[in-house]
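Chemist: Below is the structure I would like to discuss, written out as structure tokens.
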Amino acid sequence: MSQNTILRIENLYKSFGDNEVLKGISLSLNKGETKVIVGPSGTGKSTILNNINMLVPPDKGDIYLEDINITKTNDIHKVRQEIGFVFQDFGLFDHLTAKGNVMIGLTKVKKMDKKDAEELAEFELERVGLSDFADSYPAQLSGGQKQRVGIARALAMQPKLILFDEPTSALDPELTGEVLNVMKNLAEEGMTMLIVSHEMAFARSVSDEIIFMEKGSIVEQGPPEKLFNNPVEVRTKEFLLKLT
Ligand code: ADP
Ligand code: MG
1 MSQNTILRIE NLYKSFGDNE VLKGISLSLN KGETKVIVGP SGTGKSTILN
51 NINMLVPPDK GDIYLEDINI TKTNDIHKVR QEIGFVFQDF GLFDHLTAKG
101 NVMIGLTKVK KMDKKDAEEL AEFELERVGL SDFADSYPAQ LSGGQKQRVG
151 IARALAMQPK LILFDEPTSA LDPELTGEVL NVMKNLAEEG MTMLIVSHEM
201 AFARSVSDEI IFMEKGSIVE QGPPEKLFNN PVEVRTKEFL LKLT
């Protein structure tokens with residue numbers, strides 16, 4: 001494996017009962033790369049992300065975070081600390097402020113002292129443009145602001161990789177831009193990110209590769225220019241055209 005490989009997935013299979021959801025998925029992500037997984041709903045995109053942090057263990061296949069085989073490790077808690085996860089529905093604690101939400105993983109999981117955690121939380125909130133909202137509760141924030149808190153919380157853990165599962169699909173259209181902009185900045189800063197998204201213009205502009213999935217398999221993956229302009233598979237063209 002290349003020294004630069006952060007994530008490597010090999011031949012992943014997952015079924016729920018007799019519903020075969022993942023049928024041999026392989027992909028990898030080098031340090032600093034952003035890849036966007038696209039495909040119809042029910043295709044297994046979320047299942048891949050859930051497999052990566054073992055919320056849903058795969059039936060077969062291997063997942064490496066650098067040189068650690070996540071499917072075989074006996075310290076999954078440590079691995080999970082190194083993988084950020086940004087959810088569609090934000091997953092914030094309503095009884096904590098924006099800053100409290102960013103701090104909680106630092107104090108509870110990383111055992112950082114309160115003052116250091118607070119400083120880091122303020123830094124990460126500034127990074128996502130929310131310095132003025134550090135003391136606001138989720139109920140006082142817009143959807144876009146909530147999602148930016150979710151991103152700040154992931155960043156604060158200083159993960160090797162951040163997984164995003166449709167981070168803007170619960171947002172009103174006028175609020176998606178602020179979230180996508182933050183993600184675009186992170187891509188430019190060299191964060192390693194695996195993103196599930198239907199935002200094709202965004203995928204096209206930020207990703208090093210687009211991964212097109214259908215019915216549990218990767219149909220085609222490659223640089224956005226290649227997939228948009230010169231795909232190998234007719235299905236790829238049809239899918240991408242429908243969304244642009
Ligand atoms: P996508 O994210 O591409 O929309 P998912 O990975 O969420 O697709 O789901 C793929 C398939 O797996 C769907 O048919 C879904 O109903 C099924 N599925 C996902 N999670 C579970 C679960 N925990 N139990 C049973 N079936 C599930
Ligand atoms: Mg999904």
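Taking UniProt numbering, the leading residue of the sequence shown gets 1, the next gets one more, and so forth. We treat Cβ as the ideally placed atom computed from N, Cα and C, and that holds for glycine.
Which runs of the beta strand (DSSP E), 3 residues or longer, sit entirely within the region 59-117?
Modeler: With a minimum length of 3 residues, the continuous beta strand (DSSP E) runs that stay inside the region 59-117 are 60-65 and 83-86.
Chemist: What residue ranges within the region 170-236 form continuous alpha helix (DSSP H) runs of no fewer than 4 residues, ordered along the chain?
Modeler: The qualifying runs are 173-189, 200-206 and 224-229.
Chemist: In this structure, does DSSP put residue 240 in helix, strand or coil?
Modeler: In this structure, residue 240 counts as helix in the three-state DSSP scheme.
Chemist: Determine the extent of the beta strand (DSSP E) in which residue 141 is found, giving its start and end residues.
Modeler: Careful: residue 141 lies outside any beta strand (DSSP E) and carries neither H nor E.
Chemist: Between the Cα of residue 54 and the Cα atoms of 77, 129, 44 and 206, which residue gives the shortest distance?
Modeler: If we check each option's Cα against that of residue 54, 77 comes out closest.
Chemist: Looking at residue 210: is its Cβ nearer than 9 Å to the Cβ of residue 86?
Modeler: No, the Cβ-Cβ distance between residue 210 and residue 86 is not below 9 Å.
Chemist: State the CB to CB distance for the pair residue 102 and residue 149, rounded to an integer number of angstroms; the pair is presumed to be in contact (CB under 8 Å).
Modeler: Yes, they are in contact, since the Cβ atoms of residue 102 and residue 149 sit about 7 Å apart, within 8 Å.
Chemist: Beta carbon of residue 45: closer than 8 Å to some heavy atom of ligand 1?
Modeler: It does: the Cβ of residue 45 is within 8 Å (strictly closer) of some heavy atom of ligand 1.
Chemist: Where does residue 4 land, buried or exposed, given buried means 16+ other C-beta within 10 angstroms?
Modeler: Residue 4 comes out exposed.
Chemist: Assess, as a yes-or-no matter, whether the region 61-74 is touched by the region 113-121 under the definition of 3 or more beta carbon pairs within less than 8 Å.
Modeler: In short, these stretches do not touch, since the Cβ pair count stays below three.
Chemist: What residue range does the alpha helix (DSSP H) around residue 5 cover?
Modeler: Segment 5-16 is the beta strand (DSSP E) holding residue 5; no alpha helix (DSSP H) there.
Chemist: Leaving aside the five residues before and after residue 232 along the sequence, list all residues of the same chain whose C-beta is less than 8 Å from its C-beta, in chain order.
Modeler: Correct list, in chain order: 220.
Chemist: Quick one: what's got a C-beta closer than 7 Å to residue 136's C-beta in the same chain, skipping five residues either side?
Modeler: Contacts found: 97 and 98.
Chemist: By how many angstroms is the C-alpha of residue 41 removed from the C-alpha of residue 186?
Modeler: Taking the straight line from one Cα to the other gives about 26 Å.
Chemist: Between residue 41 and ligand 2, is there a pair consisting of the residue's CB and a ligand heavy atom that are separated by less than 8 Å?
Modeler: Checking every heavy atom of ligand 2 against the Cβ of residue 41, one is found closer than 8 Å.
Chemist: In terms of residues, what are the limits of the beta strand (DSSP E) holding residue 34?
Modeler: Run containing residue 34: 34-38, per the beta strand (DSSP E) assignment.
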